[in-house]
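Chemist:
Numbering (our numbering), first residue to last: 116 to 589.
#1: So what does DSSP say about residue 375, is it helix, strand or coil?
#2: Based on DSSP bridge pairs, tell me the residues matched to residue 436.
#3: Quick check: what's the CA-CA separation for residue 130 versus residue 493?
#4: Helix, strand or coil: how does DSSP classify residue 467 here?
#5: The alpha helix (DSSP H) spanning residue 181 covers which residue range?
#6: Name the one or two DSSP bridge partners that residue 508 has.
#7: Please confirm whether residue 161 and residue 126 have their CB atoms less than 8 Å apart.
#8: Give me the Cα-Cα distance between residue 397 and residue 432, rounded to the nearest whole angstrom.
#9: So, using beta-carbon positions, are residue 293 and residue 134 closer together than 8 Å?
#10: Quick one, are the C-beta atoms of residue 255 and residue 208 less than 8 Å apart?
#11: With distances taken between CB atoms, is the gap from residue 482 to residue 533 smaller than 8 Å?
#12: If I follow the unbroken alpha helix (DSSP H) through residue 222, where does it start and stop?
#13: Put residue 574 into one of helix, strand or coil per three-state DSSP.
#14: Would residue 266 and residue 250 qualify as a contact pair, given that the criterion is a beta-carbon distance under 8 Å?
#15: Using alpha carbons as the reference points, say which of 375, 195, 136 lies closest to residue 551.
#16: Measure the alpha-carbon distance for residue 174 versus residue 330 and round it to whole angstroms.
#17: Can you tell me the Cβ-Cβ gap for residue 507 and residue 467, rounded? I've got them flagged as a contact below 8 Å.
#18: Please state whether the Cβ-Cβ distance between residue 518 and residue 422 is less than 8 Å.
#19: Between the beta-carbon of residue 261 and the beta-carbon of residue 191, is there less than 8 Å?
#20: Is it the case that the region 268-281 contacts the region 544-563, given that we only count it when at least three CB pairs across the two stretches are under 8 Å?
#21: Mark residue 375 as exposed unless 16 or more other C-beta atoms lie within 10 angstroms of its C-beta, in which case mark it buried.
#22: With DSSP run on the structure shown, which of helix, strand or coil describes residue 152?
#23: DSSP three-state label for residue 547, please.
#24: Give the DSSP-derived three-state secondary structure of residue 335 in the structure shown.
#25: Using 8 Å as the threshold, is the C-beta distance between residue 567 and residue 559 below it?
#26: Is the beta carbon of residue 450 less than 8 Å from the beta carbon of residue 436?
#27: Run the CB neighbour count on residue 333, radius 10 Å, all protein chains shown included, and call it buried at 16 or more, exposed below.
#28: Grab the span of the alpha helix (DSSP H) containing residue 537 for me, first residue to last.
#29: Going by the beta-carbon positions, is the gap between residue 229 and residue 253 smaller than 8 Å?
#30: Considering only C-alpha positions, which residue in the set 408, 216, 516 is nearest to residue 336?
#31: Using the DSSP secondary-structure output, state which residues sit across from residue 329 in a beta bridge.
#32: Can you give the beta carbon distance from residue 235 to residue 258, rounded, assuming they're within the 8 Å contact cut?
#33: With a 10 Å radius around its C-beta and 16 neighbouring C-beta atoms as the bar for buried, classify residue 308 as buried or exposed.
#34: Return the CA-CA distance between residue 189 and residue 314, expressed in angstroms with no decimal places.
#35: Count the CB pairs spanning the region 390-405 and the region 442-462 that are closer than 8 Å, and state whether there are at least three.
#36: In this structure, how does DSSP classify residue 595 when only helix, strand and coil are distinguished?
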């Protein structure tokens, strides 16, 4: 405590007086908010505050500042880089936005939806669909992640190829500042050139500059038909060749293009044996999705023409097109089950990386060989969003070595080797998961000093006391 601060231990009582007894959690009841999804960063919170409105959030932040407590904003707690859970000091306040889950407005004529930060992503998708519209952000955790967290980390997902990251899907924000002031920027405008773009400043900032409490999001007309296909490819260059063919033939209708190596699907087969795999044993498998505005017959004709040409030139060796919505969902379930299968297999070293599509095959060939030499027997689980250049390039422990031991002994060396390769091929060490705690030091070593200096200046200007999610990102 400094002379300017009230005692930090008095903060939970002050929060209960402001929010109500039921909305401030302490002790063992807070355990679910103190552990991340990967179970790598267990923490201990001073308390968990669960505000029900933007005014409540402002009150919480003013009280936290008065008591000198740092604040960790938390959405669905599905993050993978340790950015949304408290440290083990017992002096950080978790700000859970789960109660703020109202959809404030759907403007069909303007193709926008305004929703609070705690809305679960899947609920937004369903609300848009009920109006005959599409909210295209889609990722494996959509049943539990929240839109506030999606925006705070600039989430990507499976349809970035057509619709862009969360940043591209957001038109306006409502944000509470570190000082407890409310900026209401919930504009549904596509054009607004009136100064600095504050929206883009907060998106991707991981709760270190302000707390996102609501957002105005872009909606789209529902496609008339959506088709899904799997293609077996002999190697990764063939996958890239198929992507080029798909772009040329399908144009903007190509909404998804995912790759999965053999081992990633073998893990799914091991842990989710009930899921059908129509193209077993392929070195690489591609999952494609086409959204068509004309008809299902037109979409199927485009897909079949693409696959016929790809089979003829050898960039794929076999293919299957889903014949029903259930089959399409089953194909997507294969892709979305890979992270769950990895978790069931045990701790692993994850890399969420971005590369120019033209350089992905060279990166993978060089880095696979370097890892095989340095860590014989380690298993590479490589999958992700080839269409937008984002790979999840993960390493499992060699047979016979406990996964926890491999992680503890070799994570730093593996990361150095992988990230050296990423930088050599013109890529980024974080594509869609964020920096959090996991990549903070790596980013500091590899980011331009000028860029880091500008980021620190922004942080100092907006959060001079350093109370918002300290120790994350910077």
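C-beta: ideal position from N, C-alpha, C; glycine also.
Modeler: Quick answer:
#1: strand
#2: In DSSP, residue 436 forms a bridge with 344.
#3: Their backbone Cα atoms lie some 49 Å apart in a straight line.
#4: strand
#5: 169-182
#6: 497
#7: yes
#8: 9 Å
#9: no
#10: no
#11: Yes; because the gap between Cβ atoms is below 8 Å, this pair is in contact.
#12: Run containing residue 222: none in the alpha helix (DSSP H); it sits in the beta strand (DSSP E), 218-222.
#13: helix
#14: no
#15: Nearest C-alpha to residue 551 among 375, 195, 136: 195.
#16: For residue 174 and residue 330, the distance between alpha carbons rounds to 20 Å.
#17: 6 Å
#18: With respect to the 8 Å criterion, residue 518 and residue 422 are not classified as neighbours on the basis of their beta carbons.
#19: yes
#20: yes
#21: Counting Cβ neighbours within 10 Å, residue 375 comes out buried, since at least 16 surround it.
#22: coil
#23: coil
#24: strand
#25: Yes.
#26: Not closer than 8 Å, so no.
#27: buried
#28: 518-539
#29: no
#30: With distances taken between Cα atoms, residue 336 lies closest to 408.
#31: Checking the DSSP bridge columns, you'll see residue 329 partnered with 231, 289.
#32: 7 Å
#33: exposed
#34: 19 Å
#35: yes
#36: Given that the chain is displayed from residue 116 to residue 589, the structure contains no residue 595 and the question cannot be resolved.
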